[in-house]
Amino acid sequence: MRNDCINAVAQALGRPPKAIEAQKIEQRIREQKVLLANKDRAAYLGMSEAQRLQAAAKAAAEQIKADALKKQQRIGLTILANQRLSDYFERQPGAILDSIDRVLAPRFDGQDHIQSAETKYRAVFNEYTRSLSDAIDAFGPKLLGILQNDAAMVPVFRELRGTDTGNPEAKAFAGRLRETFEAMRNRFNNNGGMIGKLEDWAHPQTHSSYLIFKAGKAEWVDFIRPLLDRSHYTREDGMRMSDSELSEFLSHAYDSIVYDGALKRTPGQSRGSAARANRGREHRQLHFAGADAYLRYHARFAEKSLMATIVGHVNQMSRDIALIETFGPNPDLMFRTFLDKAEQEAAQAGAAPERIHKQRGFAERLYDEVAGNGMQPGNETLARWASAVRSYLNVRLGSAVITSFADDATAIVTARALNMSGTDYLLGQIKALGSDEARRQARALGFGLDTALFAIDRFGQENLVNGFAAKVSGAVIRASGLSFMTEARRQGFAAMMMHQLGDMVRRYDSLEKLDGGDHSLLLAKGITDADWQIWRQAKPEEWQGTPVLTARAILNVEGDAKAIQSAADKFQGAILEEIGNAIIEPGARERAMTTGRLQPGTVLGELGRSVLQFKSFPITMMTRHWRRMLNNPGRISKAEYSAALIAGTTLMGAVGVQLNELLNGRDPLDMQQPAFWGRAALKGGSLGFYGDFLQSQASQHGTSAFAGMLGPSLGLAEELLNLSQGNIVQALQGEDTHAGAEALRMLKGITPGSSLWYAKGVMDHLIFQQVQEMVSPGYLRRMEQRAQREFKQSYWWKPGTNTPQRGPNLDRVTGQ
Numbered sequence: 002m003r004n005d006c007i008n009a010v011a012q013a014l015g016r017p018p019k020a021i022e023a024q025k026i027e028q029r030i031r032e033q034k035v036l037l038a039n040k041d042r043a044a045y046l047g048m049s050e051a052q053r054l055q056a057a058a059k060a061a062a063e064q065i066k067a068d069a070l071k072k073q074q075r076i077g078l079t080i081l082a083n084q085r086l087s088d089y090f091e092r093q094p095g096a097i098l099d100s101i102d103r104v105l106a107p108r109f110d111g112q113d114h115i116q117s118a119e120t121k122y123r124a125v126f127n128e129y130t131r132s133l134s135d136a137i138d139a140f141g142p143k144l145l146g147i148l149q150n151d152a153a154m155v156p157v158f159r160e161l162r163g164t165d166t167g168n169p170e171a172k173a174f175a176g177r178l179r180e181t182f183e184a185m186r187n188r189f190n191n192n193g194g195m196i197g198k199l200e201d202w203a204h205p206q207t208h209s210s211y212l213i214f215k216a217g218k219a220e221w222v223d224f225i226r227p228l229l230d231r232s233h234y235t236r237e238d239g240m241r242m243s244d245s246e247l248s249e250f251l252s253h254a255y256d257s258i259v260y261d262g263a264l265k266r267t268p269g270q271s272r273g274s275a276a277r278a279n280r281g282r283e284h285r286q287l288h289f290a291g292a293d294a295y296l297r298y299h300a301r302f303a304e305k306s307l308m309a310t311i312v313g314h315v316n317q318m319s320r321d322i323a324l325i326e327t328f329g330p331n332p333d334l335m336f337r338t339f340l341d342k343a344e345q346e347a348a349q350a351g352a353a354p355e356r357i358h359k360q361r362g363f364a365e366r367l368y369d370e371v372a373g374n375g376m377q378p379g380n381e382t383l384a385r386w387a388s389a390v391r392s393y394l395n396v397r398l399g400s401a402v403i404t405s406f407a408d409d410a411t412a413i414v415t416a417r418a419l420n421m422s423g424t425d426y427l428l429g430q431i432k433a434l435g436s437d438e439a440r441r442q443a444r445a446l447g448f449g450l451d452t453a454l455f456a457i458d459r460f461g462q463e464n465l466v467n468g469f470a471a472k473v474s475g476a477v478i479r480a481s482g483l484s485f486m487t488e489a490r491r492q493g494f495a496a497m498m499m500h501q502l503g504d505m506v507r508r509y510d511s512l513e514k515l516d517g518g519d520h521s522l523l524l525a526k527g528i529t530d531a532d533w534q535i536w537r538q539a540k541p542e543e544w545q546g547t548p549v550l551t552a553r554a555i556l557n558v559e560g561d562a563k564a565i566q567s568a569a570d571k572f573q574g575a576i577l578e579e580i581g582n583a584i585i586e587p588g589a590r591e592r593a594m595t596t597g598r599l600q601p602g603t604v605l606g607e608l609g610r611s612v613l614q615f616k617s618f619p620i621t622m623m624t625r626h627w628r629r630m631l632n633n634p635g636r637i638s639k640a641e642y643s644a645a646l647i648a649g650t651t652l653m654g655a656v657g658v659q660l661n662e663l664l665n666g667r668d669p670l671d672m673q674q675p676a677f678w679g680r681a682a683l684k685g686g687s688l689g690f691y692g693d694f695l696q697s698q699a700s701q702h703g704t705s706a707f708a709g710m711l712g713p714s715l716g717l718a719e720e721l722l723n724l725s726q727g728n729i730v731q732a733l734q735g736e737d738t739h740a741g742a743e744a745l746r747m748l749k750g751i752t753p754g755s756s757l758w759y760a761k762g763v764m765d766h767l768i769f770q771q772v773q774e775m776v777s778p779g780y781l782r783r784m785e786q787r788a789q790r791e792f793k794q795s796y797w798w799k800p801g802t803n804t805p806q807r808g809p810n811l812d813r814v815t816g817q
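Each number in our numbering comes from the position in the sequence shown (counting from 1) with 1 added on.
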């Protein structure tokens, strides 16, 4: 049989196949026979065996030619990527090991001189999600994200499958999704990828290996088999697979899904040894018999909502595109090659072994973060429940929107460093806050939408553990207004920076003519004069009457498509980087520094994740602002930068402290006391939301400062221990236990909505304080005494009363 196949392919090729092409020739022929039978079964059944072999050989020969061309393309792209990275490391001062992490994620010290893979990934994601902006409100989550709105997405999936639902909005959204999927597939393939265009591929499919494994092979096979389109499951002779044959086929598919292809890997072969460019080429073998069949399967074996399935696909494709455009068609191999070279270079230079090991380990963790390579949990159940507890405890951040005023301080400092006006930023934020049309326009330009889309990807889970916890805590945060404020801040800053860059490209005909600070900033982001010249050709758009340069306008420039795409990515990436500095947003670098080495589903890993919860914000303050201040503060001096940062965040923290006091029914604190400014710095400064959490732990939930430092999960564990063992010990010693009051306090701390800044005062006075007094007589009196004793404060709304007795005594601000 093999000789017949080789001869048939040789005849179709017009030459003998090369040795490597002749390998697995029979498998190629079999695959092509099945594809021919699936394409036109009647015609295939009418062929003789010789005709089938000839037709299959011709198709196999075409595939061999295509593979050869793709191989040549990949070799060329690999050489270019290797040379590009080699040139970069040659230009950078110091050893490769000192700069390899810059290729993955920006360091923000003014010395990157490249667009990192992480920044490119975010730019790509923004580019391909602009078309989704109008559809988010109609098809996205409802009721503060608790309801994922799958019912609205059902007609979209039916339209994607070719069914006319009579729903014009669903039809239009489906059309935009098709265009987006196809554009991303083409860009991926143009950079060495090889995703074929299947006639029946309509949308991404998702399933949970965890749910599939829980169901078991037999149950999964029995459930999915009647949902499949049997015309796609054909034998070599053109006949449909029997039930038993299809069940055997699905049995292998089950193994592949549940064990992540482990049964097919050659022992010794690493998981990342295959080119990332091959991702997606694997035969997508689950062909459902229409949209409704898939939707039944999705409801049973998927853990993401339908919208989250779409967003997750675009997100992963964006990562893959960024990686292959940065490292070539096999980014895993290219990265390891340079990392090995860097390690050898450092060893030859006599660097300390522990330093080499530390830098290499961090680079590997950072690569995994950028690539989206999540660490496999040690115990799936433990990982899920621990994640759910951490996620749920975010319900305590209902007043974080007040703490977020510090974002305005960091945004203004960032604006000053970039030679922009803090006033323009605030005006842009006000426009976004006050106008639905302004927010819609900003989303269409690619800014602010990523906040909503990442939330969909994160909170769009449907499992009972993580999904419930994420949705409840997400609903509290959205109800607090934090998401709304954050989006408006991001949009206001983006509009200001796009206007500034548009004005600069109009006034300066080359990058070199820019002011030294502006010039060095753009060079640090990998922007060249060639990019600048493309930007200059773009026609500005408008946002609320303000001319702004946009990535969309740059993409409309005529010329070299690859150069234009790169220029647009760098523009979008530059703005996204600075938005992440202005409105502090942890990135891959911060995640690699915190949770990157902690395996989920292990005791130590989950304890570590609890300790580090909320600490990514102060770490980001250090990796972004403090690093920029110490190395390259832009258009202002280091002294100005540090003074503005410390003063601005502390003042905003002071505002937050006083607002919290007023909302809790207490008079303002005396601002002449040094202790007050310590609290203000804690709340608005480098500790960010973690400072807010520490204060809430100490003042509301009764945990020790040490437990607060260990994170909210361990703080809750201490509360439970005090409630049980602590009260037992007190009872045995003859002391008052106050068990009821402590139980109520803990219950309040985990009640969704109880921490909302605009509701907690009313809920405390009308519900929680009344019950506290009932279960622990004298509780409210002790609370007033503590406020007077420790802070010399009085209540303008006395605990346990239904209405305020007077207005706040604002003279207390000056100690009167």
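A virtual CB, placed ideally from N, CA and C, is assigned to each residue, including glycine.
Under 7 Å between C-beta atoms of residue i and residue j
i      : j      : result
Asp668 : Arg553 : no
Ser248 : Val222 : yes
Gly588 : Ala124 : no
Arg75  : Gly193 : yes
Thr404 : Ala118 : no
Ser134 : Leu523 : no
Val656 : Phe494 : no
Asn187 : Gly447 : no
Val558 : Gln538 : yes
Ser306 : Asp151 : yes
Leu212 : Phe336 : no
Val604 : Leu711 : no
Leu745 : Gln773 : yes
Ile106 : Arg628 : In the sequence as presented, Ile is not what sits at residue 106; that position holds Ala. No.
Ala82  : Leu367 : no
Leu664 : Gly754 : no
Gly635 : Gly527 : no
Gly111 : Asn582 : no
Residue span of the alpha helix (DSSP H) that contains residue i, given as start and end
i      : result
Trp797 : Neither: Trp797 is in no alpha helix (DSSP H) and is coded neither H nor E.
Val604 : 604-613
Gln317 : 307-328
Ser388 : 381-393
Gln377 : Counting along the chain, Gln377 falls outside any alpha helix (DSSP H), and DSSP gives it neither H nor E.
Phe448 : Counting along the chain, Phe448 falls outside any alpha helix (DSSP H), and DSSP gives it neither H nor E.
Glu344 : 332-349
Asp409 : 407-418
Leu502 : 483-508
Val814 : Val814 -> no alpha helix (DSSP H), and no H or E assigned at all.
Gln773 : 770-776
Asp425 : 423-435
Gly779 : No alpha helix (DSSP H) contains Gly779, which DSSP labels as neither H nor E.
Asp369 : 354-372
Trp758 : First-last for Trp758: undefined, no H or E at that position.
Glu513 : Segment: none, Glu513 is in no alpha helix (DSSP H) and carries neither H nor E.
Residues bridged to residue i [DSSP beta-bridge criterion]
i      : result
Arg667 : Tyr796
Leu229 : Phe289
Arg241 : Thr235
Can you give, in chain order, each stretch of the alpha helix (DSSP H) that sits fully within the segment 526-592 and has at least 4 residues? 530-538, 552-556, 562-583
Report yes or no: do the segment 424-444 and the segment 508-517 share at least 3 C-beta pairs separated by less than 8 Å? no
Report the start-end ranges of each beta strand (DSSP E) in the segment 38-79 that is 3 residues or longer and not cut off at the edges. none
Suppose only complete runs of 4+ residues qualify. What are the alpha helix (DSSP H) ranges in the segment 94-142, listed by chain order? 101-105, 118-130, 134-140
Are the segment 91-99 and the segment 601-614 in contact at 8 Å, needing three or more beta carbon pairs? no
Say whether the segment 636-652 touches the segment 415-423, bearing in mind that this needs 3 or more beta-carbon pairs closer than 8 Å, one atom from each stretch. yes
With a threshold of 8 Å, are at least 3 pairs of Cβ atoms found where one atom belongs to the segment 248-260 and the other to the segment 222-231? yes
Counting pairs of beta carbons, one from the segment 196-207 and one from the segment 310-321, are three or more of them closer than 8 Å? yes
Pairing CB atoms from the segment 160-172 with CB atoms from the segment 43-55, are three or more of them under 8 Å? no
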